[in-house]
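My numbering puts the first residue of the sequence shown at 1, with every later residue one more than the last. Taking it in order: structure first as structure tokens, then the write-up.
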Amino acid sequence: MVDKILEVKNLHINFQTGEERVKAVKGIDFTLHRGETLGIVGESGSGKSVTSLSIMGLVPAPPGQVAADFIHFHENAETPIDLLQCTEADLQAYRGSRLAMIFQEPMRSLNPVFRCGEQVMEAILLHQKIDKSAARQQVLQLFEQVKLPQPDRIFNAYPHQLSGGQKQRVMIAMAMSCQPDILIADEPTTALDVTVQKTILDLMSDLKQELNAGLIFISHDLGVIAEVADRVLVMYQGQIVEEGAVETIFKQPKHPYTQGLVACRPPLQERLHRLPVIEDFVAADTSEPFHPIRIDRVAFAKRQEQLQAQAPILKVEELKTWFPSKRNWWGKPMDYVKAVNGVSFEVYPGETLGLVGESGCGKTTLGRSILNLAPIRSGKVEFMGQSILDLSNREMRQVRKDMQIIFQDPYSSLNPRLTVGQAILEPMKIHGIGRDKAERLEKVYALLRQVQLEEKHFHRYPHEFSGGQRQRVCIARALAVEPKFIVCDESVSALDVSIQAQILNLLKDLQDEFGLTYIFISHDLSVVKFMSDRMMVMQSGQIVEMGDAEAIYEAPQSLYTKKLIEAIPQGL
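Written out as structure tokens, the structure reads:
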């Protein structure tokens, strides 16, 4: 780590919004060396992502204003290149070849009208002097490296035909395609399950060593940062509040904000009643240390007995949801992807049933099938004693009121043309909740307060909120129709660990207040263990293990579950 490859001095980034000037980054300095992984952690809005965009020259101007003494890229032993002084043409030559970035949201970073393979090929053809045939072969090899199933199929697939984790792996393949000197990874494993995450982290580490490149790794998952980083920067409100070796930062954090970040992560070794949040550490009075409340095992076992003594609210028997993967000349399906293949289970009122498994195992399809939002091939789904597959459209609409879903990506599940208040109000009108407009408006304001937003947010649009705030809006919208049962589909996977802790605590509070029943889908076993009473492990469309969440973690019965647990980062 002797050779500097990147040097940033006195970086300031401001955004002008009307009369207001937002100071996103306030004079930070840092250095990246060849062969080093520099981890950057902090909450949403701390300035970590916009810092990485400034290095790439991608901060939009206006409204963005980037100023620094310099941002030096040490391409070779000669005079460093100040990226701030480069023309747009120079930056385009560097981006993708010498400087590459894996963006945070693959769902919005891939072009929806081009096939995935073509998008990766475009980067290779732009920076390498090879023909299309060789470029295609290179793309297929990259898809194999990032563990994408059926590389030929993925090459010809459009982004909407892939899972969130698969789209993220396409983005990683694109960033690695030209073997860059500096790779900036902005939340690169957010949408990935633990086994694929481990493969990707190992792959990026191998690439870094092979090329002697520098890696800037931005993540809200402190376990991942602790596993991969050599040094860590902790950012808070646009400033670096703590910097040092990864072991020192996470085992002996000095700043209250860093202490809060470390504590917010759901522990795997114990079960807490509530997760700590940042405010527990950075409040005005920090003289009293925070002591989390642990759940008593005897009390938890008693809760399990009480839950399972009831009649199930949901009963699923031999459920199958298949999608055609190959058709003949006349369009008749010849082969199928068996996304859900003979699944049976029960959920009890007031229970949280966790669902974990690798990307593509069928978790999301199962959640949507339960709500009759996916084409069920066969099987039985009973909700409150009614078979939802036999209901008319009118009857199904009533069931939709009682069964809601919180989707994985809050941005794409909110209509950008509606204010968040209108988005929450709309389902209430459809289902006839409230006697008149005034009563419905009052209920919307109450829901905003319940999810820790303010009444003034009613008139704002989705793009004006952070990811955590948008997810709160989606929770409020789901609650607006007074449901009994909610499917939470990766509803905290894209959030910082501190915001994630707030949302998980909120979901638990709402469950206690309204008697809600959850199916909680996630690839993060620590989150599922914190939230769930029981847990199901899914592989290739089938349930391979089911039982008490803590018992499964402590003594997994299937080899697949053991593999999932072994892949969890143990850095902290």
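The C-beta atom is built at its ideal place from N, Cα and C for all residues, glycine as well.
For residue i, does the three-state DSSP call read helix, strand or coil?
i	result
residue 16	strand
residue 488	strand
residue 94	helix
residue 352	strand
residue 560	helix
residue 49	helix
residue 396	helix
residue 56	helix
residue 33	strand
residue 1	Here the model assigns residue 1 a pLDDT of 44, short of 50, so the residue's position is not dependable, and the following value carries that caveat. Coil at residue 1, not helix or strand.
residue 148	coil
residue 555	coil
residue 168	helix
residue 154	helix
residue 114	coil
residue 347	strand
residue 65	strand
residue 277	coil
residue 89	helix
residue 463	helix
residue 177	coil
residue 342	strand
residue 412	coil
residue 566	helix
residue 23	strand
residue 371	coil
residue 294	strand
residue 44	coil
Determine the contact status of residue i and residue j, defining contact as a CB-CB distance below 7 angstroms.
i	j	result
residue 364	residue 489	yes
residue 295	residue 349	no
residue 602	residue 236	Given that the chain is displayed from residue 1 to residue 572, the structure contains no residue 602 and the question cannot be resolved.
residue 257	residue 241	yes
residue 39	residue 229	yes
residue 561	residue 550	no
residue 186	residue 103	yes
residue 81	residue 88	no
residue 65	residue 14	yes
residue 266	residue 292	no
residue 496	residue 273	no
residue 640	residue 26	Examination of residue 640 is not possible in this model, given that the chain is present from 1 through 572 alone.
residue 539	residue 361	yes
residue 451	residue 425	no
residue 392	residue 165	no
residue 101	residue 172	no
residue 552	residue 535	yes
residue 233	residue 30	yes
residue 32	residue 6	yes
residue 515	residue 341	no
residue 44	residue 558	no
Say whether chain B places a C-beta atom closer than 7 angstroms to the C-beta of residue i.
i	result
residue 169	Here there is only one protein chain, and chain B is not present.
From the DSSP output, which residues share a beta bridge with residue i?
i	result
residue 324	336
residue 186	218
residue 406	488
residue 573	Residue numbering for the chain in the displayed model covers 1 to 572; residue 573 lies beyond these limits and cannot be assessed.
residue 359	According to DSSP, which records beta bridges pairwise, residue 359 is partnered with nothing at all.
residue 101	184
residue 7	31 and 72
residue 589	Past the edges of the chain, shown from 1 to 572, lies residue 589, and the structure says nothing about it.
residue 81	73
residue 378	320
residue 272	294
Taking the runs of the alpha helix (DSSP H) that are 4 residues or longer, which of them lie wholly in the segment 471-547? 497-514 and 525-531
Quick one: any contact between the segment 335-344 and the segment 492-506, if contact means 3 or more CB pairs under 8 angstroms? no
For a minimum of 4 consecutive residues, which ranges assigned as the alpha helix (DSSP H) are wholly contained in the segment 415-453? 420-430 and 437-450
Can you give, in chain order, each stretch of the beta strand (DSSP E) that sits fully within the segment 213-248 and has at least 3 residues? 214-218, 231-236 and 239-245
Inter-stretch contact at 8 angstroms, needing at least 3 Cβ pairs: the segment 196-212 / the segment 471-483: no
For the segment 452-464 against the segment 415-424, do three or more pairs of beta-carbon atoms, one drawn from each stretch, fall closer than 8 angstroms, so that the two count as touching? yes
Should the segment 363-382 be regarded as contacting the segment 395-412, the criterion being three or more beta carbon pairs within less than 8 angstroms? yes
On the three-pair Cβ rule with 8 angstroms, is the segment 154-163 touching the segment 116-128? yes
Any contact between the segment 131-143 and the segment 52-72? By contact I mean 3 or more CB pairs, one from each, below 8 angstroms. no
Okay, do the segment 122-130 and the segment 210-225 touch, 3+ Cβ pairs below 8 angstroms being the bar? no
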